[in-house]
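Here's the structure, in structure tokens; my notes come after.
Chains as they are written, first to last, in the working numbering: chain W, 1 to 350; chain E, 1 to 336.
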């Protein structure tokens, strides 16, 4: 990884950590993150790296994941840090966690829906058995302050009425479709957390992420923004598949990790918080933005199963609760997020 | 309302089945040039079972993949060069990279209708390379509409920009097509397509039914040149589409010229619905088996119709050509 890439990431972390007082309780503490080698884990490691280097935090970070060698290959500048301890383990088999852990971020399990449709049973097992394994192990930790359970916006199901989704929204998850295994698994995992908080008094809060973008987001993942950027970087055409009126929001990677870490100290146990951006954009508009960021001459084509849609999918989180809890707001605008993601991908491809 | 229909022409791929994969480079050159002149949007080229499939098991090609694709590439300027890829026959490293380097524009990654999982890496790779990727569900009569939708949704997630269901056995009636295509159209984000076979004489009717149910992609071949009883006859299909007010972008007269040329230069005989093809369609057997069934049945003097009936009972699929001999031997034993 070049210095230019590392500098870009470091600068992102600096900007996203403006509310320094929210991080102070993490000084000299120990955090364990499951799913620690993915997008979110890498960004959490970047922020801790920044805090340790710039603010002398001395925070220790355990990253638990299934493919540590890949992590070492992709981010050697993080893997080589003394404050990071890498643990290779399938979340379903976790029994004991390091005794010095103060905080747990439980983010294990792929959000990639290709994995969910290909391996629905493993998806269910990972979220159900994996979450139970972590909670059992956490209940034996004597110095534990808090667990954040990273759930998903998919627990809300279909949103055909509300323009903005609040945490109390009751969505419908269609019964009888194996494709909803991710949503159902996340619901089951949330229920496990509720039970362990109620029955074993574990200090747990839940965060429901929406859509993200930024460095470390694999452009091959099956999400519109990733594929638009990938298509654009290949010279086009940018392909909009399905309904271009679909509405999404995107929070930048360093903001995502910064907010999660702040929630370790500023959130309330038993509460649920949306995590995402409130700036909505249609896929048609998004494709245009990406085109202009890369090359205005790139062609955009639309392919859909139908000509006229009577409704369209909207996923816009109400983030009032989390921004109030943290007394913060998203740092990176969508334009900045797109531009920095493009620059990062261009840098690592060169 | 004017609707654009994307036509894909597998004369030089599905037609390969009809000549035991013995299409020559000069035949490919001739038809590719004529199809290009006619403005046929996608011209599919290769072994009948797709890239990397030439083998003793399913039949050896006269020409290798590189020769076929390079020849076609030279003669296609407006039309896109397409290939049919069944993971297992074609690997990414050995076959797909080379094909894309030759200049293939469109890759249709196919699996048996219940096995879409095997297409993930191939579809993903094609999209990573910036090429057009479609998912194809073969022998689709063997799965319910709901199962087809679930498998198609996988392909959509893997990166397919459209899903084509194949009536590989020519077993569908229009009501079947209507049910399956409309289920896919309402359950998928990406366009849906249909590839017909003519065992029951329904290829054109089924293609039009697919269109009316919401399909946007149709396959058709010159004179219906394809496996078994052949495919939807492209000349007829385009004529009917024009009559119905659909737009294909194809120059009709030049396409008729291309079909005349194909009949003269590449077809030993024009596909007709033979008696055994009807039985094959009723039994739901892969049309690509026709040559093998005819050859082995003749050798052991068994009735092809009995072979098709038994293959249908065993729910044999493409790639299981070796079971034909097993079935024939059983029939021989029972005869004694």
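For glycine and all other residues, C-beta sits at the position ideal for the given N, C-alpha and C.
Residue closest to residue i, alpha-carbon to alpha-carbon, out of the options
| i | options | result |
| --- | --- | --- |
| residue 83(E) | 200(E), 42(E), 76(E) and 256(E) | 42(E) |
| residue 168(W) | 345(W), 142(W), 137(W) and 207(W) | 207(W) |
| residue 72(E) | 28(E), 223(E) and 255(E) | 28(E) |
| residue 178(E) | 205(E), 188(E), 190(E) and 88(E) | 205(E) |
| residue 257(E) | 34(E), 306(E), 184(E) and 85(E) | 34(E) |
| residue 280(W) | 175(W), 247(W) and 256(W) | 247(W) |
| residue 111(W) | 153(W), 89(W) and 337(W) | 153(W) |
| residue 134(E) | 153(E), 14(E) and 74(E) | 153(E) |
| residue 204(W) | 263(W), 3(W) and 186(W) | 263(W) |
| residue 376(W) | 5(W), 265(W) and 272(W) | Here chain W has residues from 1 to 350 only, and residue 376(W) is not among them. |
| residue 113(W) | 190(W), 93(W), 164(W) and 178(W) | 178(W) |
| residue 232(E) | 219(E), 239(E) and 289(E) | 219(E) |
| residue 109(E) | 141(E), 245(E), 267(E) and 164(E) | 164(E) |
| residue 24(E) | 9(E), 60(E) and 56(E) | 60(E) |
| residue 211(W) | 199(W), 222(W) and 202(W) | 222(W) |
| residue 271(E) | 107(E), 16(E) and 216(E) | 16(E) |
Own chain partners of residue i with C-beta closer than 7 Å, once the 5 adjacent residues on each side are dropped
| i | result |
| --- | --- |
| residue 35(W) | 41, 65, 107, 108 and 109 |
| residue 283(E) | 308, 309, 311 and 312 |
| residue 214(E) | 181, 182, 185 and 192 |
| residue 209(W) | 150, 152, 153, 275 and 276 |
| residue 241(E) | 5 and 248 |
| residue 140(E) | 113, 148, 165, 166, 167 and 180 |
| residue 14(E) | 48, 221, 226, 227 and 231 |
| residue 29(W) | 59, 102 and 103 |
Within chain E, partners of residue i - CB distance below 9 Å
| i | result |
| --- | --- |
| residue 231(W) | 127 and 130 |
| residue 234(W) | 128, 129 and 130 |
| residue 243(W) | 189 |
DSSP-derived helix/strand/coil call for residue i
| i | result |
| --- | --- |
| residue 22(W) | helix |
| residue 210(W) | coil |
| residue 269(E) | coil |
| residue 73(W) | helix |
| residue 5(W) | helix |
| residue 274(W) | strand |
| residue 317(E) | coil |
| residue 329(E) | helix |
| residue 41(W) | helix |
| residue 282(E) | helix |
| residue 260(W) | helix |
| residue 172(E) | coil |
| residue 106(W) | strand |
| residue 303(W) | strand |
| residue 117(W) | helix |
| residue 129(W) | helix |
| residue 95(W) | coil |
| residue 297(W) | coil |
| residue 66(W) | coil |
| residue 46(E) | coil |
| residue 29(W) | coil |
Residues of its chain near residue i, where Cβ-Cβ distance is below 6 Å and the 5 sequence neighbours each way are ignored
| i | result |
| --- | --- |
| residue 86(W) | 63 and 68 |
| residue 92(E) | 125 |
| residue 143(E) | 113 and 114 |
| residue 131(W) | 189 and 192 |
Contacts around residue i, its chain only, beta-carbon distance under 8 Å, and the 5 residues preceding and following it disregarded
| i | result |
| --- | --- |
| residue 314(E) | 323 and 327 |
| residue 160(W) | 311 |
| residue 98(E) | 65 and 66 |
| residue 304(E) | 276, 279, 293, 294 and 297 |
| residue 268(W) | 205 and 325 |
| residue 124(E) | 158 and 159 |
| residue 24(W) | 265 |
Chain E contact residues for residue i, given Cβ-Cβ distances below 7 Å
| i | result |
| --- | --- |
| residue 220(W) | 124 and 128 |
| residue 303(W) | 161, 162, 190 and 191 |
| residue 306(W) | 185 and 214 |
Proximal chain E residues relative to residue i, where beta-carbon distance stays under 8 Å
| i | result |
| --- | --- |
| residue 239(W) | 161 |
| residue 178(W) | 150 |
Proximal residues of chain W, C-beta to C-beta of residue i below 7 Å
| i | result |
| --- | --- |
| residue 157(E) | 113, 114, 117 and 222 |
| residue 154(E) | 117 and 118 |
| residue 117(E) | 118 |
Partner residues on chain W for residue i, Cβ-Cβ distance less than 9 Å
| i | result |
| --- | --- |
| residue 317(E) | Those within 9 Å of residue 317(E) in chain W number zero; the least Cβ separation is about 20 Å. |
| residue 338(E) | For chain E, the structure presents residues 1 to 336; residue 338(E) sits outside this window and is missing. |
So within the segment 64-135 of chain E, which uninterrupted beta strand (DSSP E) runs reach at least 3 residues, ignoring any that extend past its ends? At a cut-off of 3 residues, the continuous stretches assigned as beta strand (DSSP E) that sit fully inside the segment 64-135 of chain E are 80-85 and 106-112.
Taking the runs of the beta strand (DSSP E) that are 3 residues or longer, which of them lie wholly in the segment 184-258 of chain E? Here the runs fully enclosed are 192-195 and 217-219.
Residue ranges of each beta strand (DSSP E) run of no fewer than 3 residues wholly in the segment 157-216 of chain W, ordered along the chain? The DSSP assignment places 204-209 as complete runs of the beta strand (DSSP E) inside the segment 157-216 of chain W, in order along the chain (cut-off: 3 residues).
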